[in-house]
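To start, the structure under review is shown below, and the notes come after it.
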Ligand code: FES
């Protein structure tokens with residue numbers, strides 16, 4: 001049985017796409033060398049990894065929604081990259097570039 005591959009792209013940057021497996025945690029596979037996404041706590045608390053996610057991924061859980069609310073991002077498509085559950089191909093776009 002083969003595992004599903006998910007492609008993570010970073011539009012607007014020079015970083016090449018990454019191929020990860022479905023269920024992989026972005027915070028464990030994205031580094032300063034292979035992506036423009038910065039992580040702090042990696043546990044959904046600090047908000048450093050705020051990005052816009054284009055693609056079909058599950059909605060944020062209660063803990064992530066709470067942090068997005070505190071950051072006044074609850075009504076935007078912004079997500080915490082460290083909390084995203086990878087289920088398909090996604091584009092990660094920085095919030096500052098969109099707002
Ligand atoms: S790295 Fe802290 S919220 Fe994602």
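Residue numbers (the UniProt record's numbering): 1 to 99. We put the beta carbon where it would ideally sit given N, CA and C, even for glycine.
Check each candidate in 23, 17, 74 and 21 and name the one with the smallest Cα separation from residue 95.
Translated into the one-based positions of the chain shown, residue 95 becomes position 95. Taking only the C-alpha atoms, the option nearest residue 95 is 74.
If you draw a straight line from the alpha carbon of residue 98 to that of residue 3, how long is it in whole angstroms?
Here residue 98 is taken as the residue at index 98 of the chain shown, counted from 1. Here residue 3 is taken as the residue at index 3 of the chain shown, counted from 1. Only weak support exists for where residue 98 lies, its pLDDT of 47 falling under 50; the value from the coordinates is given anyway. Each residue's Cα considered, the two are about 33 Å apart.
Give, in chain order, every unbroken run of the alpha helix (DSSP H) that is at least 4 residues long and sits entirely within the stretch 26-51.
26-29
By the 10 Å Cβ neighbour count, where 16 or more other Cβ atoms means buried, how is residue 44 classified, buried or exposed?
For the purposes of this step, residue 44 is identified with residue 44 of the chain shown, where counting begins at 1. Buried, by the Cβ-count rule.
Using a Cβ-Cβ cutoff of less than 6 Å, which residues in the same chain neighbour residue 9 once the five nearest sequence positions on both sides are dropped?
The count along the chain shown starts at 1 and reaches residue 9 at position 9. So the qualifying residues of the chain are 17 and 91.
If you compare alpha carbons, which of 62, 63, 81 and 53 is closest to residue 39?
Position 39 of the chain shown, counted from the start, is the residue given in the question as residue 39. Answer by Cα proximity: 81.
May I have the straight-line CA-CA distance separating residue 31 from residue 87, to the nearest angstrom?
As a working mapping, residue 31 is identified with position 31 in the chain shown. As a working mapping, residue 87 is identified with position 87 in the chain shown. Looking at the two C-alpha atoms, the distance is approximately 20 Å.
Would you please state the rounded distance, in angstroms, between the beta carbons of residue 84 and residue 54? I believe it to be under 8 Å.
Translated into positions along the chain shown, residue 84 becomes position 84. Translated into positions along the chain shown, residue 54 becomes position 54. With a Cβ gap of about 12 Å, residue 84 and residue 54 do not count as contacting.
For residue 62, the first and last residue of its enclosing alpha helix (DSSP H):
In the chain shown, counting from the first residue as 1, residue 62 sits at position 62. Element bounds for residue 62: 62-70.
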